[in-house]
Every structure is written in C-alpha cells, then in structure tokens.
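So the sequence shown is numbered by the numbering used here: it starts at 36 and just counts up by one. For every residue, glycine included, the Cβ atom is placed at its ideal position computed from N, Cα and C. All of these numbers come straight from a predicted model, not from anything done at the bench. A quick write-up on the structure given underneath.
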Amino acid sequence: MESVTTADGTEIAVERYGDGPPLIALHGSAATGGSLQPIVSQLAADYTVIVPDRRGRGASGDGDDYHLDREIGDLQAIVAAIDGDPVVVAHSFGGLVALAAAPTLDIRRLILYEPAVTVGDGADPPLSAQVRSKVHAGNETEAMRLFFEAGSGISDVTAMPWWPEQINMAWIDTVIRELQAIEAFELSSLDFDTPMLLLIGEHGPDHLAEGAHAVEDAHAKSRHVEIDGVGHLGLLSKSERVAELVATFDDDPAAVGR
Numbered sequence: 036m037e038s039v040t041t042a043d044g045t046e047i048a049v050e051r052y053g054d055g056p057p058l059i060a061l062h063g064s065a066a067t068g069g070s071l072q073p074i075v076s077q078l079a080a081d082y083t084v085i086v087p088d089r090r091g092r093g094a095s096g097d098g099d100d101y102h103l104d105r106e107i108g109d110l111q112a113i114v115a116a117i118d119g120d121p122v123v124v125a126h127s128f129g130g131l132v133a134l135a136a137a138p139t140l141d142i143r144r145l146i147l148y149e150p151a152v153t154v155g156d157g158a159d160p161p162l163s164a165q166v167r168s169k170v171h172a173g174n175e176t177e178a179m180r181l182f183f184e185a186g187s188g189i190s191d192v193t194a195m196p197w198w199p200e201q202i203n204m205a206w207i208d209t210v211i212r213e214l215q216a217i218e219a220f221e222l223s224s225l226d227f228d229t230p231m232l233l234l235i236g237e238h239g240p241d242h243l244a245e246g247a248h249a250v251e252d253a254h255a256k257s258r259h260v261e262i263d264g265v266g267h268l269g270l271l272s273k274s275e276r277v278a279e280l281v282a283t284f285d286d287d288p289a290a291v292g293r
C-alpha cells in the first residue's frame, strides 16, 4: 500500500492494481476502496487502477474541519502523483467529489455512477439530521440502515448479504458529514472540457437519477447510459458491463450513450 500526502497534511492510502494507462476508482460513503473490488478486478485487465481509501476510513487519515474542499484536495493530490492524465471512475459520494474537483484536474475521462447530486427540494428534516438524531439516541445501526434505505434506494438493507457484517458502524460520522456536504452542494454550469459519462441504474433511487440528468444538462460534453436490472450498487453487481462502458468511452466518447 502506498500513500499520498494532501495539502492539509493528511495521508491518503492508495492501492494499485493491473498494468496500463492510469485510472482512479473512487468509492462512495460507508465504504473503503476495498468495496470496489468487483469493478477494480475488471478494470485492472486494461488499466493501472489506483484505489484510494477516502479520508476518515480504512488506512487513510482524516484531519480537522471536514468539508468537501478537503476531499477535492485529496483527489487533486492523487492525480498529481500519477504519471499521465488518468481516467476517473467514481461511485455515489465519490462521484460528487470527482465532479466538484473536475475543473481543477488534468484527467482524460470522467465516469460517474449515480453521483450524489440532488436537485429540487430535499427531505424535511434533511436526511443528515434524521441520521444524526438516531445516532444521538444511541442507535448507530438504525442510523446506518436509514442512510442506506433513504439515501441509496435499497428497500430493505437488512436483506443484503453484506449487512451488517461488512459495514463498519463507526463510519456513521463520515456518513453524516457527507450527507451534509451533499445537502450543501449547489449544481451550476460545469466549466471543464473533460468528456463525462453518467451511469444510472434502472432501479436506482429517483433522486439520484434526477441528479445525474441535471449534471448531464449542465455539461456540454456529457452522455448517459442506463444499465438494465440494477440499482445504486450496479457498479459492483454488473461490473463487467460497467468496465466495457468505461473502456469504450475512454476510446471514443461518442460511441457510448446519448
């Protein structure tokens, strides 16, 4: 495992897989880079895949005064440490980080699977406040369940084979701060030239599909693909299909989506 030191002095751990042109794979909330192994193993056939643990989890440090700019700085440092312009593939909150950082990055392609961008009126009270309330009541497991079901569109997270054994309930603090960052983010016109592909699961949550389409509308070089039969975790459950789309879009953005 390697590490990259960010502008605020935080050490961000990264793993490398495969051999080829560089590609960064950025995970979402309540996870580490290891959660992306299904898609990483597919991509590593064609790329050198750089997989960080985002700050505050796994082998990475954290730092004080969390806000989205910290995560942007982390991704900037990772890109700067790579020889060549990488492709970035990012999931959920990782997609928001990559999108917000994109105007400052020298990258070749940007592929986002249901980035955590919301438009219109959100929940009242905000989901971050609902989750925090359950934590204050002493029920971190119920707080995490609420996050997955309301935020990710999973109808019954307790039926998932990875629940709860593969979820670190101590990550709930990072979930809350990331929900707050999502709620504070305002989408405007996207002023960068990197071709961008939005991937949407057929059965993903409506609010993330709406957000993805809004991102597409805000960027002149965007296209989208809806992947049949999957929801918010389709990046993992249909990893072979996603990897095919990544490789095709990297080769010719006009050949993918609409």
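Quiz prompt | Burial state of T139, where buried means 16 or more other Cβ atoms lie within 10 Å | solution = Position 104 of the sequence shown, counting from 1, holds the residue named residue 139. Burial call: exposed.
Quiz prompt | Alpha-carbon spacing of M204 relative to E213, whole angstroms | solution = Mapped onto the sequence shown, residue 204 falls at position 169. Mapped onto the sequence shown, residue 213 falls at position 178. Their backbone Cα atoms lie some 15 Å apart in a straight line.
Quiz item: Which residues in the same chain as P121 place their Cβ atom closer than 8 Å to its Cβ, once the five residues preceding and following it in sequence are excluded?
Solution: In the sequence shown, counting from the first residue as 1, residue 121 sits at position 86. P56, P57, L58, I59, I85, V114, I142, R143.
Self-check item: Reference G155, options G246, S224, M36, closest by Cα
Solution: Translated into the one-based positions of the sequence shown, residue 155 becomes position 120. The candidate whose alpha carbon is nearest that of G155 is G246.
Self-check item: Where H242 falls: helix, strand or coil (DSSP)
Solution: Within the sequence shown, the letter at position 207 stands for residue 242. Note: H242 maps to helix in three-state DSSP.
Self-check item: Beta-carbon proximity check, A151 vs F128, cutoff 7 Å
Solution: Indexing the sequence shown from 1 puts residue 151 at position 116. Indexing the sequence shown from 1 puts residue 128 at position 93. In contact: A151 and F128 (Cβ atoms closer than 7 Å).
Quiz item: Helix, strand or coil: which one does DSSP assign to M204?
Solution: Position 169 of the sequence shown, counting from 1, holds the residue named residue 204. Three-state DSSP puts M204 in a helix.
Quiz prompt | Sequence-distant residues of its chain with Cβ nearer than 8 Å to E46 (five each side left out) | solution = As a first step, residue 46 must be located in the sequence shown, where it is residue number 11. Closer than 8 Å at Cβ, skipping near neighbours: S38, V39, T40, S95, G96.
Quiz item: Would a C-beta distance cut-off of 7 Å place A244 and I235 closer than the cut-off?
Solution: Here the question's residue 244 lines up with position 209 in the sequence shown. Here the question's residue 235 lines up with position 200 in the sequence shown. Yes, the Cβ-Cβ distance between A244 and I235 is below 7 Å.
Quiz item: Alpha carbon to alpha carbon, how far is I202 from D54?
Solution: Looking up residue 202 in the sequence shown gives position 167. Looking up residue 54 in the sequence shown gives position 19. So the alpha carbons of these two residues sit roughly 30 Å apart.
Quiz item: Hey, is Y82 close to the ligand SAM, as in C-beta under 6 Å from one of its heavy atoms?
Solution: Although the ligand SAM was asked about, the structure shown includes no ligands whatsoever.
Quiz item: Hey, would you say V260 sits closer than 7 Å to G239, going by beta carbons?
Solution: Position 225 of the sequence shown holds residue 260. Position 204 of the sequence shown holds residue 239. No; because the gap between Cβ atoms is not below 7 Å, this pair is not in contact.
Quiz item: Using a Cβ-Cβ cut-off of 7 Å (strictly less than) and excluding sequence neighbours within five positions of E175, which residues of its own chain qualify?
Solution: Here the question's residue 175 lines up with position 140 in the sequence shown. Counting only Cβ-Cβ distances below 7 Å, and skipping sequence neighbours, we find M204, I207.
Practice problem: With P276 as the anchor, note down where its alpha helix (DSSP H) starts and where it stops. | Solution: Indexing the sequence shown from 1 puts residue 276 at position 241. In the sequence as presented, Pro is not what sits at residue 276; that position holds Arg. First-last of the alpha helix (DSSP H) with R276: 274–286.
Quiz item: Quick one: Cα of Q165 to Cα of A216, how far?
Solution: One-based indexing of the sequence shown puts residue 165 at position 130. One-based indexing of the sequence shown puts residue 216 at position 181. Going from the Cα of Q165 to the Cα of A216 covers about 15 Å.
Quiz item: DSSP beta-bridge partners for P87?
Solution: The residue you call residue 87 lines up with position 52 of the sequence shown. In DSSP, P87 forms a bridge with V49.
Practice problem: Determine, using beta carbons only, whether P10 and G63 come nearer to each other than 7 Å. | Solution: Outside the shown range of the chain, which is 36 to 293, sits residue 10, and nothing can be said about it.
Quiz item: Quick one: complete beta strand (DSSP E) runs, 3+ long, within the region 144–177?
Solution: 144–148
Self-check item: Any 3 or more C-beta pairs closer than 8 Å across the region 69–81 and the region 271–280
Solution: yes
Quiz item: Excluding the five sequence neighbours on either side, which residues of its own chain have a C-beta within less than 8 Å of the C-beta of T83, listed in chain order?
Solution: Counting from 1 along the sequence shown, the entry for residue 83 is found at position 48. Excluding sequence neighbours, T83 sits near R51, Y52, G53, D54, G55, P56, P57, L58.
Quiz item: Quick one: Cα of E200 to Cα of A255, how far?
Solution: Sequence index remark: in the sequence shown, residue 200 carries index 165 (1-based). Sequence index remark: in the sequence shown, residue 255 carries index 220 (1-based). So the alpha carbons of these two residues sit roughly 42 Å apart.
Quiz item: Any idea if H102 is buried or exposed, counting beta-carbon neighbours within 10 angstroms, 16 or more meaning buried?
Solution: What you label residue 102 is simply residue 67 of the sequence shown in a count that begins at 1. Counting Cβ neighbours within 10 Å, H102 comes out exposed, since fewer than 16 surround it.
Quiz prompt | Cβ neighbour criterion (16 or more within 10 Å) applied to P160 | solution = Here the question's residue 160 lines up with position 125 in the sequence shown. With fewer than 16 Cβ atoms within 10 Å of its Cβ, P160 is classed as exposed.
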